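J.:
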Amino acid sequence: MIKRIILTMFTGALCVSGSALTYAQTNTQALQNVQQQLNQQAQEKQSVSNDIQGIQKDIASLNTYISQNQAALNSTQQKVAATNQLIEEKKQEIVTLEDKISARKDVMKKRIVALQHDDHLSMVIKVFLDSKNLDDFIQRASAVTALFNADQDILAAQKNDLSKIEDDKKEIDRQEQVLEEEQKSLAKQQDDLAQNLQKRQDNLTLLQDKMNQIDQQMQVTQDEKANIESQIQAAQEKLRQEQAAASAASQAAASSTQSGTAQSAGNGEEMYVTATAYNPEDNAYMTTLGYNIKANPNMKLIAVDPSVIPLGKKVWVEGYGVAIAGDTGGAIKGHRIDVLMPTRADALAYGRKAVKIVILD
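Taken in order, the sequence shown gives residues 823 to 1183; the numbers are from my numbering.
Encoded structure:
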């Protein structure tokens, strides 16, 4: 009956511990996957951040160009205003010249009318004949000459003024055309810069939206990571509790078995062997019969020489309790066993000793 109880307890402990270990390993893999996802999202976020910085630099440059172009446009507008003022002055000068020309036309008209009433040659002869003496003749001749020259001066001034009016009109047209073209060019540049700036701002908005989406995704992934870490901690705590419970049950069963040594000895083969100890820290984790002593360091298990103690047998060991003959070793020959201890320190403390064992049915 005791054998069945011990076997059931060992089997249950191994099954539960193995299940808990598998669950913990599965969650650990999930945690690695989540961390990898977080790393990828962080890289994507850094890439988007670099793009945002580049666009922000472009926007700053465009704003500088726009300001410079606007300053040039303002300067041109000031030139336009100044030129318009000059144009107005030119126009006023033209009006003044036109008034002078009109006045000269009136004078010339009167002169022509006067000449029509009095023959030109007769008038000259009359002037000369009416002279009283030589001096008066000379003075009259000079006056006639001056009068004729004055007519010629009026005609020359008229011609010069008309020419100047035409030149001023051409200059006004030229300046107006230059300023108009300059204004159009600057206005087009300003419009192109504004459109380019708008495109950059639209791209910046899209990247900022993408950055917000990445932040939200990273928050979800962080929450998932925290949840998995919590599950792993819970699984590890459960595994520790189960191992502690299995160890306590094993020790209780061993104590019960030790109290009935006389009865057990009567049902199995007794012998004395040399016992040493080993531990999971310095040895392979998997035993000959497939027990994972790394996952179950507190289980009762011994390494034996199969020619003396068959593998798989349950063996009562003095001072150790009931264990499973589940392992072998190169140095374990004849009447010698190795008992499993949880740590290196426990194995060293156990040392080497001669003990009585009973191979249970």
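Even glycine gets a Cβ: it sits at the ideal position worked out from N, Cα and C. Owing to the predicted nature of the structure, the values given are computational and were not obtained by experimental measurement.
Quick one: what's got a C-beta closer than 6 Å to D873's C-beta in the same chain, skipping five residues either side?
T.: The count along the sequence shown starts at 1 and reaches residue 873 at position 51. Here the set comprises L1029.
J.: For a quick check, are the C-beta atoms of R1174 and T1096 less than 9 Å apart?
T.: Position 352 of the sequence shown holds residue 1174. Position 274 of the sequence shown holds residue 1096. In contact: R1174 and T1096 (Cβ atoms closer than 9 Å).
J.: From the DSSP output, in three-state form, read off I1181 for me.
T.: Here residue 1181 corresponds to residue number 359 of the sequence shown, with the count starting at 1. In this structure, I1181 counts as strand in the three-state DSSP scheme.
J.: G1156: which of A1169, A1125, K867 sits nearest, CA to CA?
T.: Looking up residue 1156 in the sequence shown gives position 334. Among A1169, A1125, K867, the Cα nearest to that of G1156 is on A1125.
J.: If I follow the unbroken alpha helix (DSSP H) through D1149, where does it start and stop?
T.: In the sequence shown, the residue the question calls residue 1149 occupies position 327. Counting along the chain, D1149 falls outside any alpha helix (DSSP H), though it belongs to the beta strand (DSSP E) covering 1143-1149.
J.: Below 9 Å between beta carbons: does that hold for V1137 and A1153?
T.: As a first step, residue 1137 is located in the sequence shown; it is residue number 315 there, counting from the start. As a first step, residue 1153 is located in the sequence shown; it is residue number 331 there, counting from the start. In this structure, A1153 does not lie closer than 9 Å to V1137 by Cβ.
J.: Flag this pair as yes or no: are the beta carbons of L1015 and I881 separated by less than 9 Å?
T.: In the sequence shown, residue 1015 corresponds to position 193, counting from 1. In the sequence shown, residue 881 corresponds to position 59, counting from 1. In this structure, I881 does not lie closer than 9 Å to L1015 by Cβ.
J.: Output the distance between the C-alpha atoms of L908 and L1008, rounded to the nearest integer angstrom.
T.: Along the sequence shown, one-based indexing puts residue 908 at 86. Along the sequence shown, one-based indexing puts residue 1008 at 186. Rounded to whole angstroms, L908 to L1008 spans 22 Å at the Cα level.
J.: List the whole-angstrom C-beta distance separating M1033 from K867, where the pair is believed to meet the contact cut-off of C-beta under 8 Å.
T.: The count along the sequence shown starts at 1 and reaches residue 1033 at position 211. The count along the sequence shown starts at 1 and reaches residue 867 at position 45. So it is a contact: roughly 7 Å between Cβ atoms.
J.: Which residue or residues does DSSP assign as beta-bridge partners of L1162?
T.: As a first step, residue 1162 must be located in the sequence shown, where it is residue number 340. DSSP lists Y1100 as partners of L1162.
J.: Would you report the Cα separation of V1139 and A1169, rounded to the nearest angstrom?
T.: Stepping through the sequence shown from its first residue, residue 1139 is reached at position 317. Stepping through the sequence shown from its first residue, residue 1169 is reached at position 347. Cα to Cα, the separation comes out at about 16 Å.
J.: Take L984 as the anchor and find which of S924, V1042, T905, N1025 has the nearest alpha-carbon.
T.: Position 162 of the sequence shown holds residue 984. Comparing Cα positions, the closest option is S924.
J.: Leaving out five residues before and five after A1176 in sequence, what residues of the same chain have Cβ atoms less than 8 Å from its Cβ?
T.: Along the sequence shown, read from residue 1 onward, the residue named residue 1176 stands at position 354. Within the same chain, A1176 has close Cβ partners Y1094, V1095, T1096, A1097.
J.: Can you tell me where the beta strand (DSSP E) holding V1137 begins and where it ends?
T.: Along the sequence shown, one-based indexing puts residue 1137 at 315. Residues 1136-1139.
J.: For E866, which residues does DSSP report across the bridge?
T.: As a first step, residue 866 must be located in the sequence shown, where it is residue number 44. Partner(s): none; E866 has no beta bridge.
J.: What's the C-alpha gap between N885 and Q1017?
T.: The count along the sequence shown starts at 1 and reaches residue 885 at position 63. The count along the sequence shown starts at 1 and reaches residue 1017 at position 195. For N885 and Q1017, the distance between alpha carbons rounds to 12 Å.
J.: Report buried or exposed for V1144, applying the criterion of at least 16 other Cβ atoms within 10 angstroms of its Cβ.
T.: As a position in the sequence shown, residue 1144 is number 322, starting the count at 1. Result: buried.
J.: In three-state terms, what does DSSP make of V1042?
T.: Within the sequence shown, the letter at position 220 stands for residue 1042. Correct three-state label for V1042: helix.
J.: Q1012 and L895: beta carbons closer than 9 Å?
T.: As a first step, residue 1012 must be located in the sequence shown, where it is residue number 190. As a first step, residue 895 must be located in the sequence shown, where it is residue number 73. Contact: yes.
J.: With burial defined as no fewer than 16 other Cβ atoms inside 10 Å of the residue's Cβ, what is the status of M1163: buried or exposed?
T.: Here residue 1163 refers to the residue found at position 341 when the sequence shown is read from its first residue. When all chains shown are included, M1163 counts as buried.
J.: Buried or exposed: which applies to P1102, given that a residue is buried once 16 or more other Cβ atoms fall within 10 Å of its Cβ?
T.: In the sequence shown, counting from the first residue as 1, residue 1102 sits at position 280. By the neighbour-count rule (16 or more Cβ atoms within 10 Å), P1102 is buried.
J.: Look at the alpha carbon of A1171 and the alpha carbon of E1092, and state the distance between them as a whole number of angstroms.
T.: Here residue 1171 refers to the residue found at position 349 when the sequence shown is read from its first residue. Here residue 1092 refers to the residue found at position 270 when the sequence shown is read from its first residue. Using only the alpha carbons, I get a separation of about 26 Å.
J.: Please return the same chain residues whose Cβ sits closer than 8 Å to the Cβ of M1040, not counting the five positions on each side in sequence.
T.: For the purposes of this step, residue 1040 is taken as residue 218 along the sequence shown, with counting starting at 1. Cβ neighbours of M1040 beyond the five flanking positions: L860, Q863, A864, K867.
J.: Would you please state the rounded distance, in angstroms, between the beta carbons of N1215 and A1057? I believe it to be under 8 Å.
T.: A question about residue 1215 goes unanswered here, because the residues of the chain that appear run from 823 up to 1183.
J.: Measure from the alpha carbon of G876 to the alpha carbon of each residue in Y1113, N1025, S889, then state which is nearest.
T.: As a position in the sequence shown, residue 876 is number 54, starting the count at 1. Selected option, being the one with the closest Cα: N1025.
J.: Checking the sheet assignment: what are the DSSP bridge partners for M1108?
T.: The count along the sequence shown starts at 1 and reaches residue 1108 at position 286. Looking at the DSSP assignment, M1108 forms a beta bridge with N1114.
J.: Report, in whole angstroms, the separation of the C-beta atoms of L1123 and Y1113, which I expect to be a contact under 8 Å.
T.: The residue labelled residue 1123 in the question sits at position 301 within the sequence shown. The residue labelled residue 1113 in the question sits at position 291 within the sequence shown. Right, the Cβ-Cβ distance comes to about 6 Å (below 8 Å), so this counts as a contact.
J.: Can the beta-carbon of D1127 be found less than 9 Å from the beta-carbon of T1110?
T.: Looking up residue 1127 in the sequence shown gives position 305. Looking up residue 1110 in the sequence shown gives position 288. The answer is no: Cβ separation not under 9 Å.
J.: Count the other C-beta atoms from every protein chain shown that fall within 10 angstroms of the C-beta of N982, then say buried if there are 16 or more, exposed otherwise.
T.: By one-based count along the sequence shown, residue 982 stands at place 160. Exposed, because fewer than 16 other Cβ atoms sit within 10 Å of the Cβ of N982.
J.: Can you find the residues in the same chain that come closer than 8 Å, C-beta to C-beta, to I888, ignoring five residues on each side of it along the sequence?
T.: In the sequence shown, residue 888 corresponds to position 66, counting from 1. Cβ neighbours of I888 beyond the five flanking positions: Q1012, L1015, A1016, L1019.
J.: Please state whether DSSP places I1124 in a helix, a strand or coil.
T.: By one-based count along the sequence shown, residue 1124 stands at place 302. In this structure, I1124 counts as strand in the three-state DSSP scheme.
J.: Thinking C-alpha only, which one of P1132, I1181, I1054 is nearest G1090?
T.: Counting from 1 along the sequence shown, the entry for residue 1090 is found at position 268. Selected option, being the one with the closest Cα: I1181.
J.: Between the Cα of R1062 and the Cα atoms of N1105, E911, A1117, D1031, which residue gives the shortest distance?
T.: Position 240 of the sequence shown, counted from the first residue, corresponds to residue 1062. Comparing Cα-Cα distances from R1062 to each of N1105, E911, A1117, D1031, the minimum goes to A1117.
J.: Taking all protein chains shown into account, decide if D1031 is buried (16 or more other Cβ within 10 angstroms of its Cβ) or exposed.
T.: In the sequence shown, counting from the first residue as 1, residue 1031 sits at position 209. Looking at its Cβ environment, which holds fewer than 16 other Cβ atoms inside 10 Å, D1031 is exposed.
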